[in-house]
Amino acid sequence: MRGPLRRIRALPLRSRLALLVATAVAVAVAAVAAACWFVTKAQLERQLDDSLRNSTAIDKTYVQGLLNACAGTAARPPTSPTSYRVQIIATTGEPCAAPPLTAAFPTTAEDLAVAGGERESVLHTVTDRDGRDLRVYTYPIRLAGPGPAAVNTLAVSVARPVSEVDNPLSSLAWVLLLVSGVGVIGAGAAGLWIARSGLRPVDELTEAVEHVARTEDLTVRIPVEGEDEIARLSRSFNSMTASLATSRDRQSQLIADAGHELRTPLTSLRTNIELLVRSDETGRAIPTDDRRALMTSVKAQMTELASLIGDLQELARPDAAQPGPLQVVALHDITRTALRRAGLRGPELRITEELAPWYVRAEPGALERAVVNVLDNAVKFSPPGGTVDVTLHRGELTVRDHGPGIPAEELPHVFERFWRSPSARQLPGSGLGLSIVARTVQQAGGEITLRPADGGGTEAAIRLPGAPQPPPGSERAFAGVDGDDDGGGGPSGQPPPYAGLT
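For the sequence shown, position 153 matches number 153 in the UniProt record's numbering, and the numbering has no gaps at all.
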């Protein structure tokens with residue numbers, strides 16, 4: 001059994017579909033043909049039996065004449081009024097048949113029982129001396145009269161050949177066999193045609209996949225027709241190749257942009273190091289102030305390279321597209337930590353904060369990095385001695401600086417990778433910070449926007465949905481940001497951070 005199945009599985013898909021259709025049609029046609037043959041057989045046999053039972057209407061005069069012919073009192077047997085073979089059976093078991101008298105067919109014990117009055121009638125099949133099967137119906141008949149007619153009770157057997165049923169059935173069987181064969185062959189051809197037509201989109205898809213694998217050409221698209229499964233598969237393939245093409249373009253762009261961004265600090269770093277090396281090789285000392293400036297520049301360039309490489313690693317992490325384990329974290333605490341780090345980077349700035357408790361579901365490390373990046377941008381673009389205002393209220397964290405601001409035509413580009421405003425190209429940075437922030441906020445289910453602030457500067461707004469419940473052990477956070485348990489709500493009598501949340 002495994003051998004044929006293995007050979008079938010080795011066939012092409014269209015051949016297997018055609019074979020399946022032909023097999024299904026063959027089984028259906030065979031079932032219908034068999035049912036037709038058996039129903040016809042039963043109907044013909046019933047008609048034959050009914051015709052034999054109706055033969056009781058044979059005239060008694062004919063039976064009497066046949067009995068006289070058998071007894072020798074008549075010159076010849078009477079002419080049969082029907083097409084049946086008729087014979088008379090006496091209680092002695094001797095048959096009297098006509099025509100001719102020698103054409104008697106065998107009698108059975110059942111026939112004698114009818115002749116003896118023990119049974120009313122009997123219907124059975126016998127074989128005559130020529131080997132032909134006969135269907136026989138035997139029933140009693142009463143005759144009165146002298147001589148042979150003195151036998152009061154006799155049995156009349158009426159027979160018809162079974163070939164009257166077998167011959168039409170044989171012809172019907174050949175007709176059904178011929179029709180079934182033609183139907184199966186036609187079904188196989190139709191199945192092959194249907195398989196070829198139905199699998200044509202699959203062939204196109206296969207050719208497209210092979211073309212992509214051979215040439216890496218992701219611009220291939222398959223025409224989509226209809227709304228069936230093949231059309232869905234074609235649309236999915238087109239979407240997949242489009243996504244792959246976009247991903248490859250982004251990857252190429254990322255590599256090109258990263259190379260461009262790395263080239264500038266590397267060139268400057270190499271120049272400074274070459275100056276230091278040349279000074280050592282020639283013995284010509286660099287003035288102390290110039291040497292200190294060179295070392296400061298080298299340190300700044302190395303810091304910029306480290307920051308750029310860190311941002312690239314963040315973007316290239318395998319799990320960057322998927323958020324890590326989400327936890328219920330205090331956004332106000334994360335913001336305070338980020339504010340302390342930002343204060344170290346801009347000690348000459350004044351940072352004001354107004355943070356109401358707010359809990360969110362996010363990856364703690366990624367969320368803290370995002371807030372730090374936003375604050376770093378505000379510190380970077382703030383003028384010396386300026387102010388950075390940080391506010392957290394009902395899930396919206398706003399960071400506002402008082403710098404030169406961002407032109408309206410540049411706002412749509414601020415979250416693109418490696419994009420930097422022309423006015424900021426002289427400042428340190430890689431242009432990746434805000435793109436990392438946008439991705440982190442989106443993974444936490446929120447959104448970030450940058451907009452011009454009233455009175456100058458730029459305002460960054462991060463909106464994050466609140467967590468359904470505070471983390472364990474954070475009950476005291478409701479008392480106030482500064483830890484003063486006043487027994488009420490939030491700071492300055494504000495309601496608890498979860499009031500009204502669902």
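All residues carry an ideal CB built from backbone N, CA and C; glycine is no exception.
The structure presented is a predicted model; accordingly, all values stated were derived computationally and were not measured.
**OP:** Quickly, what does DSSP pair P140 with across the bridge? List them, please.
**Re:** A155
**OP:** Kindly indicate which three-state DSSP category A150 falls into: helix, strand or coil?
**Re:** Residue placement at A150 is poorly supported in this model, since its pLDDT is 48, which falls under 50; the coordinates are not used for a value here.
**OP:** Sort I222, E348, G395 by Cα distance to A330 and report the nearest one.
**Re:** Answer by Cα proximity: G395.
Original post:
With 16 other CB atoms within 10 Å as the buried threshold, where does A18 fall?
Top reply: buried
**OP:** List the endpoints of the continuous beta strand (DSSP E) containing V329.
**Re:** 327 to 330
Original post:
Roughly how many angstroms separate the alpha carbons of H211 and A245, rounded to a whole number?
Top reply: 15 Å
Original post:
Rounded to a whole number of angstroms, what is the C-alpha to C-alpha distance between S239 and L205?
Top reply: 13 Å
Subject >> Buried or exposed (CB count within 10 angstroms, at least 16 for buried), Q64 >> reply: Classification of Q64: buried, given that the 10 Å Cβ count is 16 or more.
Subject >> Supposed close pair R214, V224 - CB separation, criterion 8 Å >> reply: At roughly 23 Å, the Cβ-Cβ gap does not stay under 8 Å, so R214 and V224 are not in contact.
Original post:
Taking C-alpha atoms, which residue in I286, A338, S268, A460 lies nearest to S297?
Top reply: Nearest of I286, A338, S268, A460 to S297, Cα basis: S268.
Subject >> Residue nearest to V328 in terms of C-alpha spacing, selected from V136, G283, R16, P357 >> reply: P357
Subject >> Cross-strand partners of T125 (DSSP beta bridge) >> reply: R135
**OP:** Please look up how many angstroms separate the CB atoms of I88 and L67, rounded, as I've assumed it's under 8 Å.
**Re:** Going by Cβ atoms, the distance from I88 to L67 rounds to 6 Å, so yes, they are a contact pair.
Original post:
Is it true that the segment 434 to 451 meets the segment 354 to 368, where meeting means three or more beta-carbon pairs spaced less than 8 Å apart?
Top reply: yes
**OP:** Compare the C-beta of T267 against all C-beta atoms of chain D and say whether one is closer than 7 Å.
**Re:** No chain D is present in this structure, which holds just one protein chain.
Subject >> Residues sharing a beta bridge with V25, DSSP >> reply: Its beta-bridge partners do not exist; DSSP assigns none.
Subject >> Runs of alpha helix (DSSP H) lying entirely within the segment 372 to 419, each at least 4 residues, in chain order >> reply: none
Subject >> Range of the contiguous beta strand (DSSP E) that encloses P452 >> reply: 447 to 452
Original post:
Which of the three DSSP states, helix, strand or coil, is assigned to V224?
Top reply: coil
**OP:** Take L305 as the anchor and find which of H332, R270, D290 has the nearest alpha-carbon.
**Re:** R270
Original post:
Grouping DSSP H, G and I as helix and E and B as strand, with all else coil, what is T352?
Top reply: strand
Original post:
With G403 and S382 assumed to form a contact (beta carbons below 8 Å), what rounded beta-carbon distance in angstroms separates them?
Top reply: 5 Å
Subject >> C-beta contact flag for V182 and L52 at 7 Å >> reply: In this structure, L52 does not lie closer than 7 Å to V182 by Cβ.
Subject >> Whole-angstrom distance between R439 and Q251, CA atom to CA atom >> reply: 16 Å
Original post:
What do you get for L20, buried or exposed, if any count of 16 or more other CB atoms within 10 angstroms of its CB means buried?
Top reply: exposed
**OP:** Would you kindly check if the distance between the Cβ of I334 and the Cβ of V390 is under 7 Å?
**Re:** The Cβ atoms of V390 and I334 lie no closer than 7 Å to each other.
Subject >> Start and end residues, beta strand (DSSP E) containing residue 504 >> reply: Nothing can be reported for residue 504: it is not among the residues displayed for the chain, which extend from 1 to 502.
Original post:
Which partner residues of T458 appear in the DSSP bridge assignment?
Top reply: Beta-bridge annotation (DSSP): T458 is paired with P452.
Subject >> Candidates A453, L434, I436, D376, of which the one nearest P407 by Cα >> reply: A453
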